[in-house]
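Peer 1: First residue of the sequence shown? That's 1 in full-length UniProt numbering, and the numbers climb one at a time after it.
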Amino acid sequence: MTAGPAGAVGNAEDGGAYRMAPGASPVKGATTAGDAPPLAEGMYTDSIKPGATKYYSIELDDASSAYVSAIAVPREGSVPGAQDGIGVSMLTEDGRRCGLGRRRTFAAQGGAYPTGDYAERVVEPRGVCRSAGRYVVTVTRGEATGGGSAAALPIELAYMSEPAVRKGTEGSPAADGKGMPGAAREPAASPPVTSGGAEQNAEGGTGFNDAADVRAGSVKGSVEPGGTRFYRVPVGWGQRLRVTAEFGAVPAGAAFHAANGVRLALSNTARGLVTNRNGGYQGKPKALSLETAPVAYANRLGAGLDAATRAMRFAGAYYIQVSVNPAVAGKVSGSVPFTLRIGVEGEPDKGPEYAKDPGEFGGGMLPLAGDGMGPGGARDGGSGRSDRLRLVGYAGVGTGSVLLLGLGGWTLAARRWKS
């Protein structure tokens with residue numbers, strides 16, 4: 001798929017500034033599983049009304065993993081209903097669920113921000129979804145009662161696949177410093193990132209498709225109340241990500257307190273939610289922090305791991321999201337400044353051995369030595385919008401295949417991007 005300007009959210013309720021994927025195909029989900037339109041790997045747009053369920057179908061082999069994500073895009077600055085949100089599941093033809101069904105409400109995310117998750121089929125020896133054949137994906141929207149909008153919301157669907165790995169190379173689930181399975185830390189246990197690194201100025205993208213490419217170090221930006229800024233950072237096998245968002249002080253006409261006034265969230269390469277942090281905001285400095293488990297292929301299979309750890313299953317692009325609640329509008333003048341402090345910890349390891357050449361996925365776009373990039377991954381000139389880095393970050397999304405970097409190329413890139 002040729003890269004180009006991302007399309008604005010069309011039809012249904014205005015989704016604000018969110019930019020849909022370039023070349024995304026419009027599709028109309030069915031109201032029954034039997035009529036579900038088939039999806040090939042790639043990007044799609046649709047819309048969904050409150051309380052509705054839409055059905056889509058995919059054809060799978062008996063080896064690859066498959067991920068279908070659904071991102072709902074509410075109007076920027078709107079106030080959602082308490083139960084409004086988006087859910088996604090994958091089912092066999094006889095109705096048995098593959099993996100976890102996931103549902104995300106706008107309220108739990110802290111506001112009317114682009115919200116969603118994925119459903120997956122991961123082949124397991126005794127799993128109910130190990131066979132080749134037709135599978136059904138359901139996307140369900142919550143009710144808009146309690147002040148939310150009854151209009152249809154735009155949704156963006158991404159169907160991505162990942163090849164099987166050679167037996168015995170899956171490795172073990174990520175472990176923390178005490179040898180226990182890793183987990184995204186709770187806010188109180190997530191120390192602020194204070195490490196150095198290059199300072200970058202990047203306003204951030206409107207969504208997953210135009211997220212600003214950043215690296216370890218600090219990033220300065222700003223966001224209007226009701227808005228979200230997206231940043232994309234590469235994380236290799238065996239590495240963990242630490243992020244602190246420092247929201248600055250802004251002039252306010254009077255004292256105020258906005259519950260869930262600011263937000264810091266993280267999604268993985270396949271657009272699955274890793275973790276979400278919210279905090280009150282009073283127009284004074286406020287910091288939110290998160291820390292992930294190390295990236296490990298086996299995180300997807302580890303028994304007893306929490307959802308945040310299971311989401312750290314890919315080497316590739318991770319999406320940092322910074323939001324300010326629309327309740328802050330009218331309390332402050334203009335946008336809210338922030339500084340992101342990003343740390344990528346640990347030396348990258350080689351990861352699993354895939355049965356197919358990972359270079360075939362993501363259009364074969366791998367980071368190369370001597371390609372004109374500066375030491376932080378952006379091309380010399382400091383724009384932070386390197387075409388090659390952008391392809392490394394989401395070429396797999398644009399072509400419908402999950403980004404799976406070649407082992408040698410990824411190791412080289414990860415070392416260059418590491419602080």
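Here a beta-carbon is modelled for each residue, glycine too, at the ideal position from N, C-alpha and C.
Does DSSP put G370 in a helix, a strand or coil?
Peer 2: Low confidence applies here, because G370 scores a pLDDT of 26, under 50, leaving its location unreliable; read the following figure in that light. Coil.
Peer 1: Would you please state the rounded distance, in angstroms, between the beta carbons of E124 and A66? I believe it to be under 8 angstroms.
Peer 2: Rounded, the Cβ-Cβ distance is 13 angstroms, inconsistent with contact.
Peer 1: Is F314 helix, strand or coil by DSSP?
Peer 2: Here F314 sits in coil by DSSP.
Peer 1: With DSSP collapsed to three states, give me the class of D213.
Peer 2: Strand.
Peer 1: Tell me the start and end of each unbroken beta strand (DSSP E) in the region 278-363 that is at least 3 residues and wholly inside, in chain order.
Peer 2: Correct list: 286-291, 316-324, 336-345.
Peer 1: Closest to N201 by C-alpha separation, out of P74, G34, P337, would be which residue?
Peer 2: For N201, the nearest C-alpha among the options comes from P337.
Peer 1: Nearest to T145 by CA position, among P154, T105, E156, is which residue?
Peer 2: Of the listed residues, the one whose Cα sits closest to T145 is T105.
Peer 1: Does the distance from the C-beta atom of A298 to that of S172 stay below 8 angstroms?
Peer 2: Contact flag set, yes.
Peer 1: Let me know if G255 comes out buried or exposed under the rule of 16 or more other beta-carbons within 10 Å of its beta-carbon.
Peer 2: Looking at the sequence itself, residue 255 is Ala, so the reference to Gly does not match. The residue in question, A255, is exposed, as its Cβ has fewer than 16 Cβ neighbours within 10 Å.
Peer 1: Judging by CA-CA distance, which residue of N325, A151, I320 is the nearest neighbour of G51?
Peer 2: Of the candidates N325, A151, I320, the one whose C-alpha sits nearest the C-alpha of G51 is A151.
Peer 1: Return helix, strand or coil for G77, following the three-state DSSP convention.
Peer 2: Reduced to three states, the DSSP call for G77 is coil.
Peer 1: Near A259, which residues of its chain fall below 7 angstroms by C-beta distance, leaving aside the five closest residues on each side in sequence?
Peer 2: Cβ neighbours of A259 beyond the five flanking positions: G280.
Peer 1: How far does the alpha helix (DSSP H) with Q109 in it reach, from first residue to last?
Peer 2: Q109 -> alpha helix (DSSP H) spans 106-109.
Peer 1: Shortest alpha-carbon distance to R102 belongs to which of E224, E353, G272?
Peer 2: Minimum Cα distance to R102 is reached at G272.
Peer 1: Under 7 angstroms Cβ to Cβ from R134, same chain only, skipping five residues before and after it: list those, please.
Peer 2: Closer than 7 angstroms at the Cβ level, and outside the excluded window around R134, lie S57, E59, E93.
Peer 1: Return the residue from the list A355, I86, E156, A17 that minimises the CA-CA distance to T45.
Peer 2: Minimum Cα distance to T45 is reached at E156.
Peer 1: Excluding sequence positions up to five away, which residues of its chain have a Cβ less than 7 angstroms from the Cβ of I48?
Peer 2: Same-chain partners within the cutoff: K54, V139, R141, A152, L153, I155.
Peer 1: So, helix, strand or coil for A33, using DSSP?
Peer 2: Helix at A33.
Peer 1: Enumerate, from N- to C-terminal direction, the unbroken beta strand (DSSP E) stretches of 3 or more residues contained entirely within the region 240-285.
Peer 2: Here the runs fully enclosed are 240-247, 258-267, 273-281.
Peer 1: Just reading off the beta strand (DSSP E) that Y18 is part of, what are its end residues?
Peer 2: From DSSP, Y18 is part of no beta strand (DSSP E); its letter is neither H nor E.
Peer 1: Tell me the rounded alpha-carbon separation between N209 and A315.
Peer 2: One C-alpha to the other measures close to 18 angstroms.
Peer 1: Have a look at H257 and S333 and give me their C-alpha separation to the nearest angstrom.
Peer 2: The alpha-carbon atoms of H257 and S333 are separated by roughly 15 angstroms.
Peer 1: With distance defined between alpha-carbon atoms, name the residue in S218, T275, V68, D84 nearest to A293.
Peer 2: For A293, the nearest C-alpha among the options comes from T275.
Peer 1: Based on the DSSP secondary-structure assignment, which residues constitute the bridge partners of D46?
Peer 2: I155.
Peer 1: Please state if the CB of G148 and the CB of D84 are separated by a distance shorter than 8 angstroms.
Peer 2: Yes, the pair counts as a contact, with Cβ atoms nearer than the cut-off.
Peer 1: For G81 and P38, what's the separation of their Cα atoms in angstroms?
Peer 2: Computed Cα separation, rounded: 31 angstroms.
Peer 1: If we ignore side chains and look at the alpha-carbon of each, how far apart do G32 and I86 end up?
Peer 2: Before going further, note that residue 32 is Thr rather than Gly in the sequence given. T32 and I86: Cα-Cα distance of roughly 18 angstroms.
Peer 1: Rounded to whole angstroms, what's the CA-CA distance from R341 to E246? Just pull it up for me.
Peer 2: Using only the alpha carbons, I get a separation of about 8 angstroms.
Peer 1: Name the DSSP bridge partner or partners of V165?
Peer 2: Partner(s): Y354.
Peer 1: Quick one: what's got a C-beta closer than 7 angstroms to A270's C-beta in the same chain, skipping five residues either side?
Peer 2: Same-chain partners within the cutoff: Y67, S69, Y118, M160, F314, V402.
Peer 1: Whole angstroms are fine: how far does the CA of G283 sit from the CA of T206?
Peer 2: Taking the straight line joining both Cα atoms gives about 23 angstroms.
Peer 1: Please tell me whether P234 and V328 are closer than 8 angstroms, where the distance is taken between their beta carbons.
Peer 2: No, the pair does not count as a contact, with Cβ atoms beyond the cut-off.
Peer 1: Spatial neighbours of S383 within its chain, please: C-beta separation below 8 angstroms, excluding the five flanking residues on both sides.
Peer 2: Low per-residue confidence applies at S383: pLDDT is 37, beneath 50, and the placement is therefore not dependable, though the value from the model is reported in the following sentence. Closer than 8 angstroms at Cβ, skipping near neighbours: no residue.
Peer 1: Is DSSP giving A28 helix, strand or coil here?
Peer 2: Inspection of the sequence shows that residue 28 is occupied by Lys rather than by Ala. Note: K28 maps to coil in three-state DSSP.
Peer 1: Determine the direct distance from the alpha carbon of D213 to that of G253, and round the result to whole angstroms.
Peer 2: Approximately 35 angstroms, taken between the alpha carbons.
Peer 1: At what residues does the beta strand (DSSP E) containing V139 begin and finish?
Peer 2: Start and end: 133-141.
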